[in-house]
Amino acid sequence: MIRLRRAITGLLTSTAVVVALAACGSSEASDTETLTVYSAQHESLVRTMLEGFTDETGIELEFRDANDSELANQIVQEGDASPADVFLTENSPSIDVVDKAGLLAPVDPRTAEQVEERYRPESGNWVGFAARSTALIYNPAEIGEGELPASMLDLAEPAWEGRVAIAAGGADFQAIVSAVLALEGEDATREWLTGLQRNAEIYASNTAIMKAVDEGEVPVGITYHYYWFRDQAQNGLIGDDARLHYFRNQDPGAFVSISGAGVLAESDQQDDAQRLVEWLTSPEAQERLADSSALEYAVGVGVASAEALPPLADLQAPDVDPGSLDSELVTELMQDVGLL
Ligand SMILES: [Fe+2]
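Letter 181 of the sequence shown, counting from 1, is numbered 180 in numbering that gives the first Met the number 0, and no numbers are missing.
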C-alpha cells in the first residue's frame, strides 16, 4: 500500500522534479535517494517528526544514532569525507562545534523563517527544531517549597553539600553549564562548578536523577522539564512524589536548550538535505512534536506546544544566543574541577 502510494506520488511529482533540476542548472540527478542522518535527539521524537517524509519525497533515511558529543566529534574527524548529510543534535553546543569547524551549509532562508528567531543562531547555519527548559526536580517530603534555592547558582553553596543530583557526564547538563558560562563568564562558572563538585551526587541520566529524588535519596536535582512531564503522563511510574521547580527571572537555571538541525556543507545531496530540515521545522512536523508523548517544546512560528506544559514564555528564560555556547571550554572547566 505504501509502495503503491509512493509510486503514484512519484508519477504526480515527476514533472515538478524535472522543472526543479532544470531550474538549478544541474544535469545530473543524485545517484542515491538515501540521506544519512546523524542524530543525537531521542529516536522516537525524531522518527515521529519525520513521519511521512519518505512517503512524500521518495527519499530514504539512514540514521546513525549516538549522543551529541560523539557525533559532533565524529563529523569533525571525518571532515570533508563525512557520510553525514544532516546533523540533528539534542542540544545546540554540539552542532555549534560542527558549525565553528566550517562544516555546515547555510540553512535555506525559507526554513529559517519557519522557526522563531530566538531558536536559531546568528550564523544562520543551523536551526532549532525543539526546545527544552532547565528545571529543578525536588521531593516535597525532603525539602519545603520555601527552602528551594532562588537561583541555580545557589546550589554551589556549602548548605547544599550532598543534597543536589546532577548527570555531569550528559550532554543535557553540559549544555546547562554552557549557558552559565555564556551568562556569568569563566571565573564565576569555575567557582560554581567547584562548589557543585563538592556538593553534587552524580547520576548517569536525568531519569536516574528523577528516581533518586523520588525515593528521597537526594532532595533536589538539575534536569530538563520533559522527563518529569513524560513520567506524569504515565501516572508517575518513576517520580510520583517528585515535583518540578522553575527558577524563572532570567536565571541561568531557566535556560532553554535548543535541539539543532543542520546540513553538512560537503553533502552531495544539498537539496534533499535542506528539504529534510525544512520538513522538521514545518508547522506539520512541529505539531506532531506538540501532539507526541515527547513533551518537549515546539519552536515553529505560531505552533503551540503540548497543553500539559506551562507556556515557554512564562518561564522567563535568560537571553542566550544558541550559537554562542562553548562546549569545549565547558569540558575543560568540568575536567579541571574534577566533575568529569
Ligand atoms: Fe533527553
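Glycine residues also receive a C-beta, built at the ideal position from the N, C-alpha and C atoms.
- Residue side-chain check: Tyr223 places its Cβ nearer than 7 angstroms to a non-hydrogen atom of ligand 1.
- Cβ neighbours of Val75 within its own chain (closer than 8 angstroms, five residues either side excluded): Val96, Val97, Ala100, Leu102.
- Contact annotation: the segment 217 to 229 touches the segment 140 to 157, with at least three C-beta pairs closer than 8 angstroms.
- Rounded to the nearest whole angstrom, the C-alpha separation of Leu34 and Val163 is 42 angstroms.
- Nearest Cα to Met333 within the set Thr110, Leu236, Trp191, Phe62: Trp191.
- Counting the other CB atoms within 10 Å of its CB gives Pro309 a total below 16, which places it among the exposed residues.
- Under DSSP, Ala260 takes part in a beta bridge, and its partners are Leu87, Val126.
- Apart from sequence neighbours up to five positions away, the residues of its chain that approach Leu49 with a beta-carbon distance below 8 angstroms are Leu60, Leu275, Trp278, Leu279, Ala284, ordered along the chain.
- A direct Cα-to-Cα measurement between Arg131 and Pro120 gives close to 16 angstroms.
- Judged by DSSP secondary structure, Ser177 falls within the alpha helix (DSSP H) whose first and last residues are 170 to 183.
- When beta bridges are read from the DSSP output, Tyr245 appears opposite no residue.
- The three-state reading of DSSP puts Tyr202 in coil, since its state is none of H, G, I, E or B.
- The beta carbons of Gln113 and Ser326 sit about 26 angstroms from each other, so the pair does not count as a contact at 8 angstroms.
- In terms of Cα proximity to Ala260, the closest of Asp239, Ala111, His224, Asp230 is Ala111.
- Within its own chain, the residues whose Cβ lies closer than 8 angstroms to the Cβ of Tyr223, once the five positions on either side in sequence are excluded, are Arg131, Ser132, Thr133, Ala134, Asp171, Asn205, Ser256, listed in chain order.
- Between the alpha carbons of Ala129 and Ala297 lies a distance of about 5 angstroms.
- Exclusion of the five residues before and after Ile201 leaves Ile165, Ala167 as the residues of its chain whose Cβ lies within less than 7 angstroms of its Cβ.
- Using a C-beta cut-off of 8 angstroms, the segment 174 to 185 makes no contact with the segment 206 to 214, since fewer than three inter-stretch Cβ pairs fall below that distance.
- Looking from the CA of Gly215, the closest CA among Leu195, Ser291, Ala241, Ala232 belongs to Ala241.
- DSSP places Asp64 in no alpha helix (DSSP H) but in the uninterrupted beta strand (DSSP E) bounded by 59 to 64.
- Rounded to whole angstroms, the separation of the alpha carbons of Gln269 and Gly337 is 42 angstroms.
- From the listed residues Gly161, Thr188, Gly252, Arg117, the smallest Cα separation to Leu328 is found for Thr188.
- Only buried fits Arg287, as 16 or more other CB atoms lie within 10 angstroms of its CB.
- Ligand 1 has a heavy atom closer than 7 angstroms to the beta-carbon of Asp171.
- Of all alpha-carbon atoms in Leu324, Tyr226, Ala199, Tyr37, the one lying nearest the alpha-carbon of Glu183 is that of Leu324.
- The beta carbon of Leu70 sits closer than 6 angstroms to the beta carbons of Tyr37, Ala39 from its chain, once the five residues preceding and following it are set aside; these are given in chain order.
- Contact annotation: Leu314 and Arg229 have beta-carbon atoms that are not nearer than 8 angstroms.
- Per the coordinates, the alpha-carbon of Tyr118 lies some 23 angstroms from the alpha-carbon of Asp64.
- Leaving aside the five residues that flank Glu42 on each side, the residues in its chain whose CB is nearer than 7 angstroms to its CB run, in chain order, Asp64.
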